[in-house]
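Novice:
2 protein chains.
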Amino acid sequence: MVLRRRLAEAIGDHRSDMLIVHVHVQVKPGQEDAFVAATLENARNSVQEPGIARFDVIRETADRSRFVLVEVYRSPEAALRHKETAHYAAWRDAVADMMAAPRNGVKYENLFPADEGW
Amino acid sequence: MVLRRRLAEAIGDHRSDMLIVHVHVQVKPGQEDAFVAATLENARNSVQEPGIARFDVIRETADRSRFVLVEVYRSPEAALRHKETAHYAAWRDAVADMMAAPRNGVKYENLFPADEGW
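Heads up: the protein sequence lines correspond to chains A and B, in order.
Per this note's numbering, residue 11 is the first one in the first sequence, and the count goes up by one each step.
Per this note's numbering, residue 11 is the first one in the second sequence, and the count goes up by one each step.
Here you go:
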């Protein structure tokens, strides 16, 4: 990845290696506190992974049953490795029955700040 | 804000003062590069504001006409002050005719990391 980035910089192509995923979740009524507890535990462990730059958890103010996990991976490979961790598996199983609808992940590339700024 | 946070901590209420806004934009075909240029200029200026913790710009990989501005304010007041800046006004005017649909801002409260981690 470092080599690819240096090559990209040398030829003036500043495309980012990062992969950003926004996971949108709607939780069943009454399950919010349990969802928050399981999700914060997963976030605290996830930010320890070397390939994860950020793992933010935010809650919609207008509809407090809705959450977004803002997952910022240094590379697509880091996203695959995250799915192999024990904490991801524990979170996935813990929240499976808490969701009002299937969760929806949307993938993004980074434009700003530079990769070093995450 | 600091006093309110300390009081909140003293009584065990860790609610965040932060306001996070995800601004979803879809850009007209052919306007993407101009939108990126204007939006990066705005982001570079916005992160200089003392009340702004982050001002990320990301582009959807499955539909490259779609962008999200991830605006992280230290307080609701900081969001109001941002709208009073010259760089915000310049961005708003520059991109007004580039959008395929009205932009949509969704507000969130912070759950993780702690406010200091943004």
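Heads up, the beta-carbon is just placed ideally off N, CA and C, and yes, glycines get one too.
Does DSSP classify B:V57 as helix, strand or coil?
Specialist: The answer is coil: DSSP assigns B:V57 none of H, G, I, E or B.
Novice: Quick one: Cα of A:L90 to Cα of A:I62, how far?
Specialist: When rounded, the distance between both Cα atoms is 11 Å.
Novice: Whose C-alpha, out of A:R76, A:H32 and A:V37, is nearest the C-alpha of A:M108?
Specialist: Ranking A:R76, A:H32 and A:V37 by Cα distance to A:M108 puts A:V37 first.
Novice: Just how far apart, CA to CA, sit B:V105 and A:A104?
Specialist: Taking the straight line from one Cα to the other gives about 43 Å.
Novice: Count the other C-beta atoms from every protein chain shown that fall within 10 angstroms of the C-beta of A:G22, then say buried if there are 16 or more, exposed otherwise.
Specialist: Because the pLDDT of A:G22 is 47, which lies under 50, any placement of that residue in the model is unreliable, and the number read from its coordinates should be weighed accordingly. It counts as exposed.
Novice: Between A:E87 and A:V33, what straight-line distance do the alpha-carbon atoms span, to the nearest angstrom?
Specialist: Taking the straight line from one Cα to the other gives about 18 Å.
Novice: Shorter than 8 Å from the beta carbon of A:R113 to some beta carbon of chain B?
Specialist: With 8 Å as the cut-off, A:R113 does not count as an interface residue toward chain B.
Novice: Taking all protein chains shown into account, decide if A:D73 is buried (16 or more other Cβ within 10 angstroms of its Cβ) or exposed.
Specialist: The residue is exposed, with fewer than 16 neighbouring Cβ atoms inside 10 Å.
Novice: Below 6 Å CB to CB, which residues in the same chain sit around B:L29 once its five sequence neighbours on both sides are set aside?
Specialist: Result list for B:L29: Y83, P86 and A89, in chain order.
Novice: Could you check whether the Cβ of B:L90 sits closer than 8 Å to any Cβ belonging to chain A?
Specialist: It does not: the Cβ of B:L90 has no partner Cβ on chain A nearer than 8 Å.
Novice: Rounded to a whole number of angstroms, what is the C-alpha to C-alpha distance between A:A8 and B:D43?
Specialist: With chain A covering only 11 through 128, there is no way to say anything about residue 8 of chain A.
Novice: Which first and last residues belong to the beta strand (DSSP E) in which A:E94 is found?
Specialist: First-last for A:E94: undefined, no H or E at that position.
Novice: Measure the alpha-carbon distance for A:Y118 versus B:G127 and round it to whole angstroms.
Specialist: Cα-Cα distance, rounded: 22 Å.
Novice: State the DSSP-derived secondary structure class of A:G40, mapped to helix, strand or coil.
Specialist: DSSP places A:G40 in coil when its eight states are reduced to three.
Novice: From the beta carbon of B:E130, is the nearest beta carbon of chain A less than 8 Å away?
Specialist: For residue 130 of chain B there is no data in the structure shown, the boundaries of chain B being 11 and 128.
Novice: Would you please state the rounded distance, in angstroms, between the beta carbons of A:F65 and A:S56? I believe it to be under 8 Å.
Specialist: Sure, about 4 Å apart at Cβ, within 8 Å.
Novice: Under the assumption that B:R76 contacts A:L121 (Cβ atoms under 8 Å), give the Cβ distance between them as a whole number of angstroms.
Specialist: Incorrect: roughly 12 Å between the Cβ atoms, too far for contact.
Novice: What does B:K117 reach in chain A if we use C-beta pairs closer than 8 Å?
Specialist: Ordered by position in chain A, the residues that pass the 8 Å Cβ test against B:K117 are E70, T71 and A72.
Novice: Any beta-carbon of chain C closer than 8 Å to the one on B:D125?
Specialist: In the structure shown, chain C cannot be found, because the protein chains are A and B.
Novice: B:N120 versus chain A: which residues are under 7 Å apart at the beta carbon?
Specialist: In chain order: I68.
Novice: Grouping DSSP H, G and I as helix and E and B as strand, with all else coil, what is B:A63?
Specialist: In the structure shown, B:A63 sits in a strand (DSSP, three-state: E or B).
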